[in-house]
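The structure appears right after this line, and notes come after that.
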Amino acid sequence: MEPFLKTVGNLLPYHLLSYGALLGTELYQSFVNTRICYQALPMKEFIVLQKRLFPIYFGTQVGLTALTAATHPPYSILSLVQDPWSAAPLAVVALTGCLNWFIYGPRTTTTSLVRRALQESENNEADSDGSKILRANRNFARNHAMAIHLNAIAMIATVVYGFSLSATLMAGI
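Have a look at this one:
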């Protein structure tokens with residue numbers, strides 16, 4: 001019982017759990033949840049769901065990154081500051097998550113709604129050459145691509161952090 005109680009007072013198990021939750025959330029949202037929803041839902045409902053889901057995902061990503069940093073063994077953020085190979089990937093995950101949460105996620109949602117409304121609009125006479133739809137498609141594509149690339153960079157940085165963490169653990173903190 002004593003080893004268990006000693007472990008409960010250590011940062012390492014909390015760090016491993018927060019890191020695992022971060023990586024698992026990124027992988028699940030990116031490769032499982034989004035794909036299933038895209039295939040199973042009509043486009044209108046898919047857009048509405050993504051509008052609600054992605055802000056929560058990006059906020060969770062930033063929060064779990066902060067929790068991972070705060071539980072870095074053995075002395076929390078003080079240990080992280082002295083370990084640039086661990087600090088850098090976590091900073092990248094936090095930065096890309098914030099960019100998606102506050103800038104590219106909302107822009108992607110807005111442009112997808114505008115694009116969808118223009119495509120469904122019955123009164124396209126004012127846009128007979130299709131320039132509004134073309135512009136909306138371009139805006140959506142640019143913002144969506146940026147959000148996807150930032151998310152991919154975050155996942156790569158999270159995996160890089162996992163290797164850094166493994167090296168630290170193998171060296172015996």
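Numbering (full-length UniProt numbering), first residue to last: 1 to 173.
Glycine is no exception: its CB is placed at the ideal position from the N, C-alpha and C atoms.
Item: Beta-carbon gap between Leu118 and Lys132 smaller than 9 angstroms; Value: yes
Item: Span of the alpha helix (DSSP H), counted from its first residue to its last, around Val114; Value: Gly105 to Glu120
Item: CB-CB length for Tyr14 against Thr60, believed under 8 angstroms; Value: With 8 angstroms as the limit, Tyr14 and Thr60 do not qualify as a contact, their Cβ atoms being about 17 angstroms apart.
Item: Among Arg142, Ile148 and Glu120, nearest to Thr111 - alpha-carbon criterion; Value: Arg142
Item: Beta-carbon proximity of Gly162 to Tyr19, cut-off 9 angstroms; Value: yes
Item: Any 3 or more C-beta pairs closer than 8 angstroms across the stretch 80-96 and the stretch 152-162; Value: yes
Item: Cβ distance (whole Å) where Gly105 is taken to contact Pro55 below 8 angstroms; Value: 6 angstroms
Item: C-beta atoms of Leu12 and Leu64 nearer than 9 angstroms; Value: no
Item: Distance between Ala69 and Phe46 (C-alpha atoms, nearest Å); Value: 33 angstroms
Item: For Val159 and Trp101, believed in contact at Cβ under 8 angstroms, the rounded distance; Value: With 8 angstroms as the limit, Trp101 and Val159 do not qualify as a contact, their Cβ atoms being about 21 angstroms apart.
Item: DSSP state of Gly172 mapped onto helix, strand, coil; Value: coil
Item: From Val48, Arg35 and Leu67, residue whose alpha carbon lies closest to that of Arg116; Value: Val48
Item: Enclosing alpha helix (DSSP H) for Tyr75 [first to last residue]; Value: Looking at the DSSP string, Tyr75 is not in any alpha helix (DSSP H), and its letter there is neither H nor E.
Item: Residue of Ala136, Ala87, Thr109 and Ala66 minimising C-alpha distance to Leu53; Value: Thr109
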